[in-house]
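Everything below concerns the one structure shown next.
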Amino acid sequence: MQATARAHTNIALIKYWGKRNESLILPTNNSLSLTLDGFYTETTVTFREDLTSDFFLLDGEPVMGEQYDRVQAFLDLIRREYNIGQIYTEIKSKNTMPTAAGFASSASGFAALAGAATKALNLDIDKTELSRLTRQGSGSACRSIFGGFVEWEKGEAEDGSDSQAVQIAPSNYWDVRVAAVVVDAKMKKVSSREGMKRTVDTSVFYSGWLDSLPQDLADIKAAIRGQDFEKLGSISEANCLKMHATTLGATPPFTYWQDSTMAVMQAVQTMRDSGIPAYFTIDAGPNVKVLYLPEDEEAVMNTLKNLPVVTDVTLSRSGEGISYV
Ligand code: 2P0
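Per the working numbering, the very first residue in the sequence shown carries number -18; after that it's consecutive.
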């Protein structure tokens, strides 16, 4: 009872920012992402009769604390959902994120874990059901089951049975590129889980965010259909700015941005003024992702690498969904 799965991380262009059910991880809004080829997690899960608890090694080191608890809770869910009984697992996970690329590994991590565990158990589930299961490990991870452009449908059902990701376009549909820009960051961050909860509970801007989403989703899907990069980029950038604006209306207010984050944002806008179509998006942290087209790669790289606040830039293309090794 062993299997190995590989899953890539994804970058949200229309952000997931808030839950309507915290235990089932059901979101308040649909989100839309691009799966990235540069960053992935490879996980081997072995179910072993001789173990008395789950054992989790990440990059060769045993994992304890909160990270272990989340993984164990997710395996308990799989055991319960599929009537597996008390058989525990050995999990060996490798993150192939270039050092400090500024990506949270929970998206690729929970997707690879769900894929490997269900494969090891020989469960007959399709990608849609796998996405629903993965969602309950970490929300954004449900999008990493698929490659290319992916939408997470929030669903309406109380039990989450219709909250899953669907592929909008495969990875070879359109060569949009993403530069992951790491900045010199010192401030301690508010976790995305805590940040989105505080925002939903207290932000005076949250209803404006929610009201604006159906239009953003319709517009970005039209941009993907028409392969209109300026439209794709400008909607992504505006959606990111709105998400981050909600944090300023929370109690207590907070922001993920630092002066280095804003320096990169301004550099991207200056590139645009000089005729290079590049757009930024930012998740729950200070680092910036820049969207651009292949023909502008050299110019974008030169600009980003030469910014004093930037410590690392890693390039990525559209990536594949989950695969088994
Ligand atoms: C996203 N983020 O759509 C958004 C944009 C951060 C900003 O999904 O609580 O780690 O495990 O469901 O998926 C980060 O949140 O949160 C996230 P949980 P997750 O990618």
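Even for Gly, the Cβ is constructed at its ideal location relative to N, Cα and C. Just so we're clear, the structure is a prediction, and the values are computed from it rather than from any experiment.
Whose CA, out of the options, lies closest to the CA of residue i?
{"i": "T295", "options": "D107, I303, N283", "result": "N283"}
{"i": "K0", "options": "D182, V164, T16, S152", "result": "D182"}
{"i": "C221", "options": "S14, N2, S87, A(-12)", "result": "S14"}
{"i": "P151", "options": "S125, A199, S255", "result": "S125"}
{"i": "A122", "options": "G90, E139, A203", "result": "G90"}
{"i": "I(-5)", "options": "W133, L32, N2", "result": "W133"}
{"i": "F55", "options": "N287, P43, E42, F37", "result": "F37"}
{"i": "N287", "options": "A248, M177, V271", "result": "A248"}
What is the residue span of the alpha helix (DSSP H) that residue i lies within?
{"i": "Y237", "result": "No alpha helix (DSSP H) holds Y237; DSSP gives it neither H nor E."}
{"i": "A95", "result": "87 to 101"}
{"i": "I201", "result": "187 to 206"}
{"i": "E279", "result": "278 to 286"}
{"i": "G176", "result": "173 to 183"}
{"i": "A226", "result": "210 to 229"}
{"i": "R116", "result": "108 to 116"}
For residue i, name the three-state secondary structure that DSSP assigns.
{"i": "N(-9)", "result": "strand"}
{"i": "E42", "result": "strand"}
{"i": "K75", "result": "strand"}
{"i": "E47", "result": "helix"}
{"i": "A160", "result": "strand"}
{"i": "F36", "result": "strand"}
{"i": "R298", "result": "coil"}
{"i": "T242", "result": "helix"}
{"i": "I308", "result": "The displayed coordinates of the chain run from -18 to 306. Any statement about residue 308 would go beyond what the structure contains."}
{"i": "P275", "result": "helix"}
Would you say residue i and residue j are within 9 Å of each other, going by their C-beta atoms?
{"i": "E211", "j": "P258", "result": "yes"}
{"i": "E71", "j": "V306", "result": "no"}
{"i": "V290", "j": "S241", "result": "yes"}
{"i": "G19", "j": "G129", "result": "no"}
{"i": "I216", "j": "A226", "result": "no"}
Under 8 Å by Cβ, that's how I've got residue i and residue j pegged, so tell me the actual separation to the nearest angstrom.
{"i": "G120", "j": "A95", "result": "Rounded, the Cβ-Cβ distance is 13 Å, inconsistent with contact."}
{"i": "T99", "j": "Y21", "result": "Actually they do not touch by this definition, with Cβ atoms about 18 Å apart."}
{"i": "F235", "j": "V281", "result": "No, F235 and V281 are not in contact; Cβ-Cβ is about 30 Å, not under 8 Å."}
Specify, as a first and last residue, the run of the beta strand (DSSP E) that residue i falls within.
{"i": "Y260", "result": "260 to 262"}
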